[in-house]
Every structure is written in structure tokens, then in C-alpha cells.
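> There's a structure below that I have some questions on.
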Amino acid sequence: MRIYKFNNLNLRNKLLIIYICTVFIPITLTHIAYYHVTTNNVRTQKMNDMSLSVKQIANDFQTSIDDAVGISSMIYTDYELYNLLETKYNSSIDFIHAYHDYFGDISKEVSLYPSVHSIKLYTDNDTVIYAGGISKIDTLVKGSTWYKESELIRSSYPVLIRSVGDSGKHDMFSLIREMDYFVSKNSTQKILEINLEAGLMHSIFHDVTFPGELYLLNDEGTIEYTTNSKIDWSESKYPYKSVSLPDDKVIFEESYNLPYLNNWKVVAVTQEHVLLEDIKGSRNFILYLALINLIFPSLFIIYITSSLHLRILRILRHMRKVEDQNFELIEGVDDQDEIGELTHAFNRMASKIKRLINEVYVADIQKKDLELQRKQAQLSALQSQINPHFLFNVLETIRMRSILKKEDETAKIIENIAKMLRKSFIWGKDWVTVDEEIYLIKCFLEIQHYRFDDKMQYHIDIDPEAAKCLIPNMSLIPFVENASIHGIEPIKGKGMITISIKRSDEKLVCEINDNGQGMEAEEYEQVMQSLDEVANIGEHVGIKNVYYRLKLHYSNQFEFNIISTKGVGTTVKIILPFFEYKN
Numbered sequence: 100m101r102i103y104k105f106n107n108l109n110l111r112n113k114l115l116i117i118y119i120c121t122v123f124i125p126i127t128l129t130h131i132a133y134y135h136v137t138t139n140n141v142r143t144q145k146m147n148d149m150s151l152s153v154k155q156i157a158n159d160f161q162t163s164i165d166d167a168v169g170i171s172s173m174i175y176t177d178y179e180l181y182n183l184l185e186t187k188y189n190s191s192i193d194f195i196h197a198y199h200d201y202f203g204d205i206s207k208e209v210s211l212y213p214s215v216h217s218i219k220l221y222t223d224n225d226t227v228i229y230a231g232g233i234s235k236i237d238t239l240v241k242g243s244t245w246y247k248e249s250e251l252i253r254s255s256y257p258v259l260i261r262s263v264g265d266s267g268k269h270d271m272f273s274l275i276r277e278m279d280y281f282v283s284k285n286s287t288q289k290i291l292e293i294n295l296e297a298g299l300m301h302s303i304f305h306d307v308t309f310p311g312e313l314y315l316l317n318d319e320g321t322i323e324y325t326t327n328s329k330i331d332w333s334e335s336k337y338p339y340k341s342v343s344l345p346d347d348k349v350i351f352e353e354s355y356n357l358p359y360l361n362n363w364k365v366v367a368v369t370q371e372h373v374l375l376e377d378i379k380g381s382r383n384f385i386l387y388l389a390l391i392n393l394i395f396p397s398l399f400i401i402y403i404t405s406s407l408h409l410r411i412l413r414i415l416r417h418m419r420k421v422e423d424q425n426f427e428l429i430e431g432v433d434d435q436d437e438i439g440e441l442t443h444a445f446n447r448m449a450s451k452i453k454r455l456i457n458e459v460y461v462a463d464i465q466k467k468d469l470e471l472q473r474k475q476a477q478l479s480a481l482q483s484q485i486n487p488h489f490l491f492n493v494l495e496t497i498r499m500r501s502i503l504k505k506e507d508e509t510a511k512i513i514e515n516i517a518k519m520l521r522k523s524f525i526w527g528k529d530w531v532t533v534d535e536e537i538y539l540i541k542c543f544l545e546i547q548h549y550r551f552d553d554k555m556q557y558h559i560d561i562d563p564e565a566a567k568c569l570i571p572n573m574s575l576i577p578f579v580e581n582a583s584i585h586g587i588e589p590i591k592g593k594g595m596i597t598i599s600i601k602r603s604d605e606k607l608v609c610e611i612n613d614n615g616q617g618m619e620a621e622e623y624e625q626v627m628q629s630l631d632e633v634a635n636i637g638e639h640v641g642i643k644n645v646y647y648r649l650k651l652h653y654s655n656q657f658e659f660n661i662i663s664t665k666g667v668g669t670t671v672k673i674i675l676p677f678f679e680y681k682n
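When you read off a place in the sequence shown, starting at 1, and then add 99, the result is the number in our numbering.
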């Protein structure tokens, strides 16, 4: 399967892709997102407003009922009223006097609460006169709907029910409560009825603006009141479940958890499109804004990209001519931008390239060849310092004689010298493992330890992962030699050379540290400055030779640092790329 890369596309297609990805798609998505965010915000705000409206309606209704409940609580605990209704009167005159002494105070309570229409008392005391707000509990009353519906629960707390109003319909809301607070005054049955204003429900449910239908439901889910004109709630019991609701309905509910309104709730029903009516007016504005944001940037980008595309194609055509040895210049170039600079650079390149081919290029090749020969001569000079062939056979003979004379320590040191000489025979091997380099270092350090006994101590710490890493041949031992000869030997006390080689991610970290005499600040500056003087090796041959070989092998992908303090010691830290040896 062929894989298409972005760099394989021509410039026109790249610019088209850039336009689509950076202008068309972002602007389109931004306006779509803006429309949806605006729609959601408007919907949320409308939902919040409607929810507040429903809460206000529910609170207004509860406040009105609470007024009636407050009056009922005062009357329910009024001992004088119980005396009025419990007393057996000898004559009607006695009851009339008692009635006027008390009932006038009850009538005053009605005027204090605008939601309360009237207060009515029912009793089965035959000695009272049934008039002026007092009625008899007879067979007709006991057969009424409000009496039956409240019979089981009105003794525990007030009961809100619908009763027959002046219109003859069940449109009057009344609060019913059994008068049984004082146990000693229960010889007769007494019932309190507080009637609410006829227009109370209409004012509560219609004064607050709500774009939908409102329903007041009792604990059985029956509609007690509604603003839905299609439902005649005052004629019969109409279950809420039988109401036909729109498919895109949005419902708000506020429930009551009061003894006298247990599980009653106010339900508000609206439609989804009502929530979004305010956004319809701005929909066209968003569309026109999106078109403006697309058209003007598109025309501007087309103009800019056309200028870039045509001029780059012109440069490309002339560069293809260069491949055929045709160094024709681009005429009529006065542009000052980057492409104009590129065109000027091409003209300069084309005018110089012939001269570079005939003169500079050939001379430069000769110069580089001489430079390589000089570097090779320098490396050979270094090799000759550590590779005296004629000593190997002599040392081997001395070692064998030492073994015969049982001078094992001397034989061991001679063997280490021989190993170092044998290592020098394979100088032509450019790369070795860390293990091979450390092997040669140990031979050198053993010889130094033999020479200086306890004065020369060393410690080598090699990370197992680093042991098989490939490094340039003899890239560490010159620093160990410097640490020993120039660092430890001149001091009077004991010296320690520490060698640490570890792997850190894809890097090999080599650190050689000694506690020798260190370098003076001036000498240290000369050493660091000499690393940049390629033309002449001069002093510090070992350090500079290693540095140049590392630069040859790794270019700029390695780190080389020397820290030296007089009287403290010297630390050489080299960080190389990690190349693992594989058979």
C-alpha cells in the first residue's frame, strides 16, 4: 500500500490543506460551537427562569395555605371556643350572649389574611343555634364529599380539600380540621372549616408568567387545579396521567412535604421549542457572521498563497535547469521578503558555481587531503610513543626468568606491561568495548600500584549495561595516565584514582577522578583553549588526540569537560552516545 507523505504534496495542495485546516474548519467549528453554546445557555437560562417561576407559584400557594393553617392552629387550641361549642345552653338567649362575646373575635382573624374567605364551625351540640358561621353536623353534612374525604386524617392535622363553592362546582378550597385538642372537651363533635378566597388559585397560578400549563396535584395524582383550559378540573376528578402531553415536553416539579400537603406537587409543562424561541432571531446573525469570517480571510489567503506559489515555482524551474548545467539567472527580481532573498541567493549561487567548480572545489579537495594526511601522521606519532615493538620480546624473556626465580610479583607487572604492548599492536582497531578499554587500564594501574605501593590506589565502578558499549580505542587510558603521572605522583600523601562508567538512558557517562595536585588556573585555561587549536597539537598530545578522535567519530554528539583545582584534584567527564556491541 502506498503511503502518502505531506512533504510529497505539491505546494498548491499544501496551501489548500493549510487553508482548510487553519481557516475553514476552525471557523466553521467555532461558529457551530458558538451556536450550540448559545443555544444551551439560552435554554439553561430559560430553564432557570421557568424553574424560579414554578418555585414562586409553589411558594405563593404554600404561603396561602400556611395562613389558613395558622388560623386553624389558633382556633384549634382556643379553650374559650371549646367552651362555647361544648356548653349545654338552657335557652337560645344564653347561647346568643356567649356567641357574641366570642365569635366576634374569630371574625377579626379573617380580615388579617387576604387568602382566607371565611371560617365555619360544625358541631352536633343541639343546644346551639346553627347560624352565623356555625352549622350542625347532620346526615347531610356526614354524606358530603369533604366530610368523607377528611374523616380519617383530619384529627391528626388539617386537611386541604375541594368543596362546592358559590358556583355550584367543586372550585372552593377549604381547610378541614377536627376540634379535639382538649380531651375534657370532647363530649360533642366539632369540626373547623376555613374556606379560601374563590379567586385565590387563579391569582396564584396566573399572575406569574409561565409559557405552558400548570397543574396542582394531590397525593393521589389527581388534578386539583390547572391552567389548562381543556380540562374542567372543577367538575370531576381528573387524573394527571390521562393528560395528553406534547412529545417535546419539558416538565418542572415542586413537591411539598408537609402534613397537610403531603406529596402534593405543582407540575409545570412546557415545550422544548418554547425554550429556544429567543435563539431563532440570532440564528441568521450567526450564519451571516460565519460567511463574513470565511469569505474575507479566504480571499486574502488566496491572494497571499498565489504570490508565494508562483514565485517558488519560478525558483524551482531555474533550479531544475542547474541540474543540466544551465546556470541561467532569474531576471526582474525586486522583492524584499524571504522568497525575494532566496531568489537573490540563487542568482549569487548560480553566478559563483562555475568558479567554484573550476577553482575553489578542486583546491579545497587537495587541501582536505593534505589535512587528512597530517592528522594521520599525528596519530602515527602518538602510536609510536606507546608502541615500541622491540621491547615485547625482551619483556617476555624477563617475565619467564622472574617466574623461574619465583618472583611472582615482578612477573605479574612484566605481564601487564606486555599486555599493554600487545594492545598497542592492534592500534588499527578503531572501536573497542568498555570491557576491553578497562582491561588495558587495569594493566596500567597495576604497574603504577607496583611502582608506588600504597601511595597509588584506584577504584573502578562499571555499570554492567555499560560494559558492552563500543567506544573509540584508547579514548580513556590517556586520562588515567595523566591522573597517575601528573596528578598522584607529585603529591606526598596517598592518592586515589576513581573510574566510573555508567549508562544513562541512551548515553554513556565516563568519569575519571583523582585527588592529585591538580592544575593552576592559568595552566587549566591553556589546556581548555588548546582543544580549539586544530592546526598545532603541541603540548597535551594525549588529551587533544583523544578529543579530536571523539570529534571525528561523534561530531557534536558528545560532551567533554575537565574540572581541575590546584591542591584538590582533577575530574574528566565524557558523555558519549551509547552504541551496544553485537556479535
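Ideal Cβ positions, reconstructed from N, Cα and C, are used throughout, including at glycine.
1) Among I559, P563, S583, D562, which residue has its Cα nearest to the Cα of R550?
2) Buried or exposed: which applies to A634, given that a residue is buried once 16 or more other Cβ atoms fall within 10 Å of its Cβ?
3) Starting from N660, follow its DSSP beta bridges and name the residues at the other end.
4) For G617, does the count of other Cβ atoms within 10 angstroms reach 16, so buried, or fall short, so exposed?
5) Going by C-alpha to C-alpha distance, which of F426, Y246, T670 sits closest to S262?
6) When DSSP labels each residue in this structure, what does T137 get in the three-state scheme?
7) Please confirm whether K683 and E353 have their CB atoms less than 9 Å apart.
8) Just how far apart, CA to CA, sit V282 and D148?
9) For F445 and D436, I'd like the C-alpha separation in whole angstroms.
10) Using the three-state DSSP reduction, which class does Y175 fall into: helix, strand or coil?
11) Do you know whose CA, among C542, E619, F659, D434, lies nearest D631's CA?
12) Going by alpha carbons, who is nearest to S152 out of T176, T226, V307?
13) Nearest to L220 by CA position, among I164, S214, Y212, K235, is which residue?
14) Please report the distance separating the alpha-carbon of E580 from that of K554.
15) Among all the DSSP beta bridges, which residues are the ones paired with W530?
16) Using the DSSP secondary-structure output, state which residues sit across from G594 in a beta bridge.
17) Apply the 10 Å Cβ neighbour rule to S483 and answer buried if 16 or more other Cβ atoms are within range, or exposed otherwise.
18) Can you tell me where the beta strand (DSSP E) holding A367 begins and where it ends?
19) Measure the Cβ-Cβ separation of L180 and Y212 and say whether it is below 9 Å.
20) What's the C-alpha gap between G320 and A367?
21) For the alpha helix (DSSP H) that contains H652, what are its first and last residues?
22) Indicate, with yes or no, if the ligand COA has a heavy atom lying under 8 Å from the CB of S217.
23) Does DSSP put F361 in a helix, a strand or coil?
24) Taking a contact to mean a Cβ-Cβ separation below 9 Å, would you say I194 touches T226 in this structure?
25) What residue range is occupied by the uninterrupted alpha helix (DSSP H) comprising E52?
26) Sorted by chain position, which residues of the same chain lie with C-beta nearer than 8 Å to K681's C-beta, five sequence neighbours on each side aside?
27) Is the beta carbon of L651 closer than 9 Å to that of C568?
28) In three-state DSSP terms, what is R416?
29) Would you say L290 and V215 are within 9 Å of each other, going by their C-beta atoms?
30) For Y683 and I598, I'd like the C-alpha separation in whole angstroms.
31) If you drop the 5 nearest sequence neighbours on each side, which residues of the same chain put their C-beta closer than 7 Å to that of E564?
32) Taking just the CA atoms, how far does N361 sit from I228?
33) Express the C-alpha separation of E605 and T143 in angstroms, rounding to a whole number.
34) If we count the other Cβ atoms within 10 Å of its Cβ and call it buried at 16 or more, is A230 buried or exposed?
35) Would you identify the three-state DSSP class for I485, choosing helix, strand or coil?
36) Please report the residue range of the alpha helix (DSSP H) in which S302 lies.
Put simply:
1) S583
2) Low confidence applies to A634: its pLDDT is 49, below 50, so where it sits in the model is not reliable, and the reading given next is rough at best. Counting Cβ neighbours within 10 Å, A634 comes out exposed, since fewer than 16 surround it.
3) K672
4) buried
5) Y246
6) helix
7) Residue numbering for the chain in the displayed model covers 100 to 682; residue 683 lies beyond these limits and cannot be assessed.
8) 50 Å
9) 14 Å
10) helix
11) F659
12) V307
13) K235
14) 15 Å
15) P571
16) M555
17) Confidence is the limiting factor: at S483 the pLDDT is only 48, short of 50, which leaves the residue's position unreliable and the question unanswerable from this model.
18) 364-370
19) no
20) 14 Å
21) 640-653
22) Looking at this structure, you won't find the ligand COA or any other ligand, since it has none at all.
23) Note on residue identity: the sequence assigns Asn, not Phe, to residue 361. Looking at N361 - three-state DSSP - the assignment turns out to be coil, as it is neither helix nor strand.
24) For the sequence presented, residue 194 should be read as Phe rather than Ile. Contact: yes.
25) The structure shown does not extend to residue 52, since the chain is modelled only from 100 to 682, so the question has no answer here.
26) none
27) no
28) helix
29) At residue 290 the sequence reads Ile, which differs from the Leu that was named. Going by C-beta atoms, I290 is not nearer than 9 Å to V215.
30) The structure shown does not extend to residue 683, since the chain is modelled only from 100 to 682, so the question has no answer here.
31) R602
32) 36 Å
33) 55 Å
34) exposed
35) Note that I485 scores a pLDDT of 46, beneath 50, so its modelled location is shaky; the value from the coordinates is reported in the next line. Here I485 sits in helix by DSSP.
36) 299-306
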